[in-house]
Amino acid sequence: EAQVTQNPRYLITVTGKKLTVTCSQNMNHEYMSWYRQDPGLGLRQIYYSMNVEVTDKGDVPEGYKVSRKEKRNFPLILESPSPNQTSLYFCASSPRGQLGTEAFFGQGTRLTVV
Amino acid sequence: QKEVEQNSGPLSVPEGAIASLNCTYSDRGSQSFFWYRQYSGKSPELIMFIYSNGDKEDGRFTAQLNKASQYVSLLIRDSQPSDSATYLCAVIIIFYGNNRLAFGKGNQVVVIP
């Protein structure tokens, strides 16, 4: 089954404790991205990746890191989480360079930083 | 100007009525447009894609694209309570030969039985 898998689905952590949210897709998509979603602010892109070893900042990259060492995985790293990073996070993937192709979303990760 | 704007507040419609949503975009070079539906706490799911000017119909959903005016709309006919969700407009932004998907903030639709 074609899918994007995020883990964990729910996470409560403390300020400053490094964490990683994993994202994996099995559709051989080149393009992957991370979004956070907050009430009233919609989906905001954090980072995206056009292909392996190619990443770029989105609209709200501060406080986040990503890596793309292999095509299927695109982890999101919070080196020192803060309460303002409490949010619902989505990973998405799509084929690169093809007009009209949809983005496939993971199930979401609800992160709470206390 | 934001890349994709959805300015309407929550939309309440009676069951069976037509819900109308609008979205404007800033990049004249954009060619691909999407409508996603998102239930509370769930991931967005694609409901409509439109590429060329005019209308595209899929069941009770119709997407309308006007490139000259840079807006895309979504009509939901015979609205059902199950249509109550947030609807996100998305546009492929092309820059330096690469594509990036930009989302609007979304419009909440509430269908009243």
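Here the protein sequences come in this chain order: A and B. Its first residue numbered 1, the first sequence is counted upward by one per residue in the working numbering. Its first residue numbered 1001, the second sequence is counted upward by one per residue in the working numbering. Here a beta-carbon is modelled for each residue, glycine too, at the ideal position from N, C-alpha and C.
| Item | Value |
| --- | --- |
| Residues in its own chain within less than 7 Å of residue 1102 of chain B by CB, not counting five upstream and five downstream? | 1003, 1004, 1090, 1091 and 1093 |
| Do the segment 1037-1055 of chain B and the segment 65-85 of chain A make contact, defined as three or more Cβ pairs closer than 8 Å? | no |
| Whose C-beta lies closer than 6 Å to the C-beta of residue 58 of chain A among residues of the same chain, with five residues either side of it excluded? | 45, 46, 47 and 48 |
| With a threshold of 16 other CB atoms inside 10 Å of the CB of residue 1012 of chain B, please say whether the residue is buried or exposed. | exposed |
| Hey, out of B:1083, B:1107, B:1100 and B:1105, whose CA is closest to residue 1113 of chain B's CA? | B:1083 |
| Exposed or buried, which one is residue 9 of chain A when buried takes at least 16 other CB atoms within 10 Å? | exposed |
| Considering only the alpha carbon of each residue, which of B:1008, B:1035 and B:1107 lies closest to residue 1072 of chain B? | B:1035 |
| Between residue 7 of chain A and residue 39 of chain A, what straight-line distance do the alpha-carbon atoms span, to the nearest angstrom? | 22 Å |
| Mark residue 1039 of chain B as exposed unless 16 or more other C-beta atoms lie within 10 angstroms of its C-beta, in which case mark it buried. | exposed |
| Does any residue of chain E have a CB that is nearer than 8 Å to the CB of residue 74 of chain A? | Looking for chain E here will not work: the only protein chains present are A and B. |
| Take residue 1105 of chain B as the anchor and find which of B:1024, B:1080 and B:1030 has the nearest alpha-carbon. | B:1024 |
| Which first and last residues belong to the beta strand (DSSP E) in which residue 52 of chain A is found? | Premise fails: residue 52 of chain A is in no beta strand (DSSP E) and is neither H nor E. |
| Can you pull the chain B residues whose beta carbon is under 9 Å from the beta carbon of residue 48 of chain A, in chain order? | 1100 and 1101 |
| Please list the residues of the segment 1044-1072 of chain B that have a C-beta atom closer than 8 Å to any C-beta atom in chain A, keeping them in chain order. | 1044, 1045, 1046, 1049 and 1051 |
| Please classify residue 54 of chain A as buried or exposed, where buried requires at least 16 neighbouring CB atoms within 10 angstroms. | exposed |
| Buried or exposed: which applies to residue 14 of chain A, given that a residue is buried once 16 or more other Cβ atoms fall within 10 Å of its Cβ? | exposed |
| Find the residues of chain A that neighbour residue 1021 of chain B, judging by a C-beta separation of less than 9 Å, and give them in chain order. | Residues of chain A passing the Cβ test: none, with the nearest at roughly 14 Å. |
| Per DSSP, residue 110 of chain A is paired with what? | A:10 and A:88 |
| Taking Cβ to Cβ, would you say residue 1086 of chain B is nearer than 8 Å to residue 1064 of chain B? | no |
| What are the start and end residues of the beta strand (DSSP E) that includes residue 1057 of chain B? | 1054-1058 |
| Could you name the residues of chain A that residue 1075 of chain B contacts, counting a contact when the two beta carbons are closer than 7 Å? | Those do not exist, as residue 1075 of chain B stays about 20 Å from chain A at its closest Cβ, beyond 7 Å. |
| What's the call for residue 41 of chain A, buried or exposed, on a 16-neighbour Cβ count within 10 Å? | exposed |
| Could you tell me if residue 12 of chain A is buried or exposed, where buried requires 16 or more neighbouring beta carbons within 10 angstroms of its beta carbon? | exposed |
| Counting contacts by CB-CB distance shorter than 8 Å, is residue 1088 of chain B in contact with chain A? | yes |
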